[in-house]
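This report concerns only the one structure given below.
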Amino acid sequence: MRVCVPVLATLVVAASPLNAQSLKIYISADMEGVAGAVTAEQLGPSGFEYERFRKFMTAEVNAAIDAARETGAGEILVSDSHGNGQNLLLELLPDDVMVVRSWPRPLAMMTGIDSTFDGVIFIGYHASTTNTEGVRAHTMSSARLTAVKLNGVAVPEAGINAAIAGHFGVPVIMVSGDDAAVEETRDVVGDVEGAIVKWNYGFHSARTLTPAAATAEIASRVRDAISRIEDFEPVVIDTPVTLEVSFKNYMPVEVLGYLPNVERIDSHTIRFVGRDMIEVSKFLTFLTTYEPGLAP
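Once you know that position 287 of the sequence shown is 292 in the working numbering, the rest is easy, because the numbers rise by one and skip nothing.
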């Protein structure tokens, strides 16, 4: 089922400055959308295939980096945005690339983005928790959340991160992942380039490209994206931003409702109004990180 997310109806478009001689590109890399990844066995340190898939994830990021270099990118910042934020094999990345690692961090999967960037690339992304299709489809937490909405519209992680980039006037230009993730990102962000590396059969199954075929497809789509980078427009969401988060369980909603800036709007949902996407991002980081026993 196609998920149509009419976020663009609530957004305005802002122009982005472009230095065609030396583009600055931000890459946010997740893992669920990597070719071949279908279960927890590939996605975390306890899985028997995790070490292999760290290599595949790194290879997909490198394919994006190399293609971006070929088509005019100078500076590139990579955000390791999956799980513990320590998945990419640093020794296999180019020496002149910097990497954002681990959590918590104020802009989450987009930490380090600012107005000096010319474009954003999403690698290994997945569909949202409200989507009935997609391998490992979830939004921020598959164990805890059932929906995340911005200004009343359910969004995937790609939508949240596109809005953070849009706050700085930077457009998303390309996404890779399964077919559901690419389609949903386009529904939210617009006609970005999409590298489909697998086709979902369910939450834990897919028909997939091989790692080599996937990196070739990603490189091709990145080259296409950067060759027409002036066609893309940042997603700038109306402010103040109303964030609604629905939980699977009652207790987090009840406790969050005690905060003076949080409204409990039903048994499973809270509402927070932020001045902009920066404030919303920081609240989401608090919401998904804080536990009373945090130490040190």
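The beta-carbon is built from N, C-alpha and C at its ideal position, and this holds for glycine as well. A quick note: this is a predicted structure, and the numbers were derived from the prediction, not measured.
What distance in whole Å lies between the Cβ atoms of leucine 248 and phenylalanine 208, which are believed to be in contact at a cut-off of 8 angstroms? Within the sequence shown, the letter at position 203 stands for residue 208. Within the sequence shown, the letter at position 243 stands for residue 248. That pair is no contact at about 25 angstroms.
CB contact flag (asparagine 166, methionine 114, <8 angstroms): Counting from 1 along the sequence shown, the entry for residue 166 is found at position 161. Counting from 1 along the sequence shown, the entry for residue 114 is found at position 109. Going by C-beta atoms, asparagine 166 is nearer than 8 angstroms to methionine 114.
Member of Ala211, Thr215 and Pro297 whose CA lies at the smallest distance from the CA of valine 260: The residue labelled residue 260 in the question sits at position 255 within the sequence shown. Of the listed residues, the one whose Cα sits closest to valine 260 is Pro297.
Top-ranked residue by Cα proximity to leucine 289, from Ala300, Trp108 and Glu54: As a first step, residue 289 is located in the sequence shown; it is residue number 284 there, counting from the start. When only C-alpha atoms are compared, the closest one is Trp108.
Over what stretch of residues does the alpha helix (DSSP H) that includes leucine 56 continue unbroken? As a working mapping, residue 56 is identified with position 51 in the sequence shown. At residue 56 the sequence reads glutamate, which differs from the leucine that was named. Glutamate 56 -> alpha helix (DSSP H) spans 55-75.
With DSSP run on the structure shown, which of helix, strand or coil describes valine 140? On the sequence shown, residue 140 is found 135 positions in, with the first residue counted as 1. Here valine 140 sits in coil by DSSP.
Arginine 141, buried or exposed, once every other Cβ within 10 Å from all chains shown has been counted against 16: Counting from 1 along the sequence shown, the entry for residue 141 is found at position 136. By the Cβ-count criterion, arginine 141 is buried, with 16 or more other Cβ atoms from all chains shown falling within 10 Å of its own Cβ.
Would you mind sorting cysteine 9 into buried or exposed? The rule is 16 or more other CB atoms within 10 Å of its CB. The residue labelled residue 9 in the question sits at position 4 within the sequence shown. Note that cysteine 9 scores 40 on pLDDT, short of 50, meaning its location in the model is unreliable; the coordinates nonetheless yield the value given after this. With fewer than 16 neighbouring CB atoms inside 10 Å of its own CB, cysteine 9 falls in the exposed class.
If I measure Cβ to Cβ from leucine 98 and keep anything under 6 angstroms in the same chain, skipping five residues before and after, which residues do I get? Within the sequence shown, numbered from 1, the residue matching residue 98 stands at position 93. Within the same chain, leucine 98 has no close Cβ partners at all.
Can you give me the C-alpha to C-alpha distance between valine 39 and alanine 200, rounded to a whole angstrom? Taking the first residue of the sequence shown as position 1, residue 39 is located at position 34. Taking the first residue of the sequence shown as position 1, residue 200 is located at position 195. Each residue's alpha carbon lies about 11 angstroms from the other.
Check the C-beta distance from proline 176 over to glycine 124 and give it rounded, since I have them as a contact under 8 angstroms. Here the question's residue 176 lines up with position 171 in the sequence shown. Here the question's residue 124 lines up with position 119 in the sequence shown. Separation of the CB atoms of proline 176 and glycine 124 is rounded to 6 angstroms, and the pair is thereby assigned contact status at 8 angstroms.
Mark phenylalanine 252 as exposed unless 16 or more other C-beta atoms lie within 10 angstroms of its C-beta, in which case mark it buried. Here residue 252 corresponds to residue number 247 of the sequence shown, with the count starting at 1. Buried is the call here.
Should glycine 164 be labelled buried (16 or more other beta-carbon atoms within 10 Å of its own) or exposed? Walking along the sequence shown from the start, residue 164 turns up at place 159. So glycine 164 counts as buried.
Determine, using beta carbons only, whether threonine 63 and leucine 82 come nearer to each other than 8 angstroms. Sequence index remark: in the sequence shown, residue 63 carries index 58 (1-based). Sequence index remark: in the sequence shown, residue 82 carries index 77 (1-based). In this structure, leucine 82 does not lie closer than 8 angstroms to threonine 63 by Cβ.
If distances are taken between C-alpha atoms only, which option among Ala45, Ala186, Glu65 and Glu96 comes closest to asparagine 136? Looking up residue 136 in the sequence shown gives position 131. Taking only the C-alpha atoms, the option nearest asparagine 136 is Ala186.
Contact set for aspartate 119: own chain, Cβ-Cβ below 7 angstroms, skip 5 residues either direction: Reading the sequence shown from its first residue, position 114 is the one you call residue 119. Counting only Cβ-Cβ distances below 7 angstroms, and skipping sequence neighbours, we find Phe173.
Looking at C-beta atoms only, is the number of pairs between the segment 147-158 and the segment 221-231 that lie closer than 8 angstroms three or more? These segments do not touch.
Same chain only: Cβ atoms within 8 angstroms of alanine 148, ignoring 5 sequence neighbours per side: Numbered from 1 along the sequence shown, position 143 holds the residue referred to as residue 148. Within the same chain, Lys253 come within 8 angstroms of alanine 148 by CB-CB distance, once the 5 residues on both sides are set aside.
Assign isoleucine 169 to one of three DSSP states: helix, strand, or coil. In the sequence shown, counting from the first residue as 1, residue 169 sits at position 164. DSSP places isoleucine 169 in helix when its eight states are reduced to three.
Using a Cβ-Cβ distance under 8 angstroms, would threonine 190 count as near chain C? Given the protein chain composition of this structure (a single chain), no chain C is represented.
Cβ shell of arginine 106 (< 7 angstroms), same chain only, five flanking positions each side left out: Residue mapping note: residue 106 aligns to position 101 of the sequence shown, counting from 1. For arginine 106, where only same-chain residues beyond five positions count, the Cβ hits under 7 angstroms are Asp85, Gly90 and Gln91.
Buried versus exposed, by CB contacts within 10 Å (16 or more), arginine 7: Taking the first residue of the sequence shown as position 1, residue 7 is located at position 2. Confidence at arginine 7 is low in this model, with a pLDDT of 36, below 50, so its placement is unreliable and no value can be given for it.
Neighbourhood of glutamate 54 by C-beta, 6 angstroms cutoff - its chain only, sequence neighbours within 5 removed: Counted from its first residue, the sequence shown places residue 54 at position 49. Result list for glutamate 54: Glu46 and Gln47, in chain order.
Any alpha helix (DSSP H) of 4 or more consecutive residues that is wholly inside the segment 94-156: Counting whole runs of 4 or more residues, the segment 94-156 contains no alpha helix (DSSP H) stretch at all.
Helix, strand or coil at alanine 40 according to DSSP, with G and I counted as helix: Counting from 1 along the sequence shown, the entry for residue 40 is found at position 35. DSSP places alanine 40 in coil when its eight states are reduced to three.
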